[in-house]
Structures are given as C-alpha cells and as structure tokens.
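Residue numbers (the working numbering): 23 to 548.
Worksheet: one structure, shown below.
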C-alpha cells in the first residue's frame, strides 16, 4: 500500500511539474486574477470562491482534461530507486537492440549523405526561400529529381531485426520452448489471450451496438445510430476527454469524429498553436534538411499513388516538413526506448556542446511514414489543426510501431500477440503457412507497422483508429491482423507458396473491420 501511495505521489508531482510549464497554467492564473474583481469573491472564503469560479466558468474541466491527457500519455512512474533508463525501456537487451538498430539507420543516412555530397542541413538561398513560400500550398506540383534518394529503411528491414531479437538470459537450446512458439518472434514477452482480450475490449461484444456494423440482431442500426449521435453531441457539449474516450469505443459518427478525436487528444483551437505552426513553417522555409528529400520521396512512393490519399499530397508535405522541425516532439523520448540522433557542427565531432539533434524532432522517416498522416486529412482541413492532431497521435501511439520495446503496444508485443493468436486458435492454418515458407508475420507486419493505413478503405480505417483512441492501445491492430487471416483461412489453406498467400491477402479494401473483430474475439471458441 505504501508503495502504491508513493507511485501516486510521484505521478501527481510529475503532472504538476509538466502543467506548470504549459499555456493552460498561465491561462488559469490569469483567470484567477480576473476573478478577484468579481463582487461574489469574498476575502474570507477566497480559496473556495476562486475554485467555484473556475468550476462554473469551465476552467476546471480544461484542467481535468489536461491531467487525463498526461495520465494517458506518460507511463506509470518506476520504483524511485530504478535508474532513469527504465522509464524508457525496462529490459536491457531491448535497449541494446534499439541502440544497434539506431546505429544502422544513422549509417544508412550518413552513407547517403556522403554518396550524394549533400549536407544534412543548409540554409536556403533567399531566392529559394521566396519560391518555396509562394508554392507552399501546391508543393505537390513540384517534381524534384529524387532518383538518387532511397528510403533509409522499409518495414521488411525492421522485421529482420525483430526476428533476430533474443533474450540473453535463455540458453540457446532452451529459448524456443518458452511457449512452444513457432513464429518468427522469439522473445518471451507476456501477451494476452482471447479471454483477456474479450475483457479488455468488452464494448465490442456482439450484443452491444457498434458503428460499422450493418445489421444487429439486438438493436435496429438506425435506432442505435440516432441515439449514438445524440449521446455524442452531449459528450462534446460537456467537453470531457474521459467521457469522449469511453464513447468512441463504439465508434464515432462521421460528423462528430474530428471534434471527438481532438477532445480525446486534448487539442483546442488556441491562437498560440497557430503561431507555433507558423514558426515551424518559417523554419522549413529558411533551412533545407536532407530528411526533406526523404519525406518528398516517401509521399511520392506511397500516398501519391493511393486512390484515397493522392489528393492530400500538399497537406502531407506541409505537415511532415513542419514535424521534422518540431523540437517539442523530443519530449516523447522520455518514455520511448528510442534515442534522438545527434549531429555535430563541422569540425567539432564528439564535442557535446556542439551537438544538435538531427533532425530537430529526433525522428528519421522511413518508407510508409507519410501514411500515418494521410487518413487524418479526411478529418482536418486546417493545416495547423491537422498538424497538432498528427503530432499528438504520433507521440501517443505511432512511435511505438517503429521502435524496439517490451511495451504491450510496442511492435514486438504486437507481432508476438498476432502469432500467438494464430498459433493458438488457427493451428492448422499457422502450421500450413509455416511449412510452405509463408510465415504469417511476413505478410501482416507491414499492416501493423502502418496501423493498416493504405490497406483498409478509409471509412474502415477511421473506425479502427476510433478504437485505438478509445482503448488507448494498439493491441487491436494485432487482433485485426489475426482476424483477417481467420476470415481468409479457407483460401490460405490451399496456397503452396509465400507469393500465393500474399496474393490472397493483397487487397483488404473490401473488408469490414468491426464484424471481423467481433467474430474473431467473441465467436472464437476458447
């Protein structure tokens, strides 16, 4: 009990410390001072009167949302005696593997730099700055020669690294027996089974109304939708982040989704946010980074060729170029297993006072990175708001999909959960695919790394992302990946090669997410 109280005290202290530096703290102080001029505020009950004023004027709710947001983002504090790196990642072999992977990425980036004789960063000439500013809203029309640039890495390269992960505490002959696991991931992490997943995702039960289900035996869809919209409007009127998060577990009505997601992520339209975005834009205009070309290349290779997303090409450039300059993103490395790369001013290699993070946000984009932004373009048409939503989605969720960690929402755990679900509940299919050299993870990995963006139809993808936000977890990605294999099991049992299996699963654009998830979770015999 004492340890629990100590953890709570640490959490409270950390939240107070973080909120002290926020614009909300400044606004609350200003409102409290203004309230002193109110005749209803009495000196003898000053503290209580100011509290009541903040409550009735809506500021208490904003404070609650900010605290709830902090609790959702930051992990529970470690034991006070634990070293600081344990907050990033408690397992030493995972930290070591992530460090080695980062060195490989940097080596790839530096060799490209050397081969092309291009500096990591340089100031743009005045003429180029003016040109970029003029075409800021139509960067998609620009066709720079990117033939010599290549993505620093692709998901399949990352999978190879994860396949070679081993816990050194196991002897060579002993390790695979940890659960008779015959998949590609060979690390002993605890993942959930179907009964635990049913409990966690209880709102997806077959008897509970869902948006994204065309027919339900219990409630006529029109009746449920009308009532769900009414409740959603009430949640928005209350401006309560926790209520919004609970609400979206049953799906968001299309007309309310943008506002509900913003409420869950605690993003409001503040003038300083627009100013901050403009400042990032100014940084893009002034300086040319090597990663800019990687961003251009990625958008051209992915979103520009996608039937749903090609129209948002300009938005993608704007958001991703600004994101690369945003030093506030560095804060997420406090709870990420990754470490931001450092670069040194020419001639000062190794001297720490001349070190800078590169890129400024510490995130090197990989092949498919732009697909994290593309679906959000359907919801947000103001670049500043779109940018804030993406940044918050990234530092809450997406960073876990391309870093090595033991976190339950980390990509290693998702891969292991996917393989364990298949091996346990579809053993014949799993062994058949394994025997023909078509390990299921080789097919599903790219879906999970991209959070299914670019694979599902957009309306279905947004229904899936509703649940990621609602449950504050990425585990549903692994469940859906397993559900897709279960749905196509009959066809997959007939294939005789990896290429044939990939062909069966090449097009997911006709799939309906919610029925697949419900059937897999709640109609599977356990």
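Here a beta-carbon is modelled for each residue, glycine too, at the ideal position from N, C-alpha and C.
query	result
Enclosing alpha helix (DSSP H) for residue 308 [first to last residue]	293-308
Buried or exposed (CB count within 10 angstroms, at least 16 for buried), residue 116	buried
Residue 200 classed as buried or exposed, judged by whether at least 16 other C-beta atoms fall within 10 angstroms	For residue 200, the pLDDT reaches just 48, beneath the cut-off of 50, and the residue's location in the model is therefore unreliable, leaving the point undetermined.
Contact between the stretch 315-326 and the stretch 392-405 (3+ Cβ pairs under 8 Å)	yes
Any 3 or more C-beta pairs closer than 8 Å across the stretch 325-336 and the stretch 349-365	no
For residue 388, three-class secondary structure by DSSP	coil
Three or more C-beta pairs below 8 Å linking the stretch 412-428 and the stretch 298-315	no
Best match in 163, 285, 345 for proximity to residue 416 [C-alpha to C-alpha]	345
N-terminal and C-terminal residue of the beta strand (DSSP E) that residue 366 is part of	364-366
DSSP three-state assignment for residue 46, whether helix, strand or coil	helix
Bridge partner(s) assigned by DSSP for residue 145	309
Buried/exposed call for residue 167, threshold 16 Cβ in 10 Å	exposed
Opening and closing residue of the beta strand (DSSP E) in which residue 544 lies	Unbroken run through residue 544 is the alpha helix (DSSP H), 535-544; no beta strand (DSSP E).
Own chain residues within Cβ distance below 8 Å of residue 88, not counting five before or after	41, 44, 46, 288
Residue-level contact to chain D via CB, residue 384, 7 Å cutoff	The structure shown contains no chain D; it is built from a single protein chain.
Every unbroken beta strand (DSSP E) inside the stretch 122-197 [3 residues or more]	143-145
Which residues DSSP lists as bridging residue 377, in chain order	366
Residue 528 versus residue 175 - alpha carbon distance	22 Å
Of the residues 500, 192, 273, 485, the one placed nearest residue 433, counting alpha carbons only	500
Cβ-based neighbour list, residue 112, same chain, cut-off 7 Å, excluding 5 preceding and 5 following	428
DSSP state of residue 401 mapped onto helix, strand, coil	coil
When 342, 384, 275 are compared against residue 359, the one with the closest alpha-carbon	384
Cβ-based burial, residue 164 [other Cβ within 10 Å; buried from 16]	exposed
Three-state secondary structure (DSSP) of residue 208	coil
Residue span of the alpha helix (DSSP H) that contains residue 445, given as start and end	433-447
Cβ-Cβ distance between residue 316 and residue 387 below 7 Å	yes
Pair within 7 Å by beta-carbon distance, residue 295 and residue 445	no
Alpha-carbon spacing of residue 281 relative to residue 258, whole angstroms	7 Å
When 107, 190, 461 are compared against residue 515, the one with the closest alpha-carbon	461
Pairwise C-alpha distance: residue 192 and residue 407	48 Å
Residue 470 - DSSP class collapsed to helix/strand/coil	helix
Start and end residues, alpha helix (DSSP H) containing residue 492	480-493
Pick from 503, 366, 267, 399 that is closest to residue 340, judged by C-alpha positions	399
Length of the line joining the Cα atoms of residue 146 and residue 158	15 Å
Contact under 7 Å by Cβ, residue 557 with residue 482	Since the first residue of the chain shown is 23 and the last is 548, residue 557 is not available in this structure.
Element boundaries [alpha helix (DSSP H), containing residue 499]	497-509
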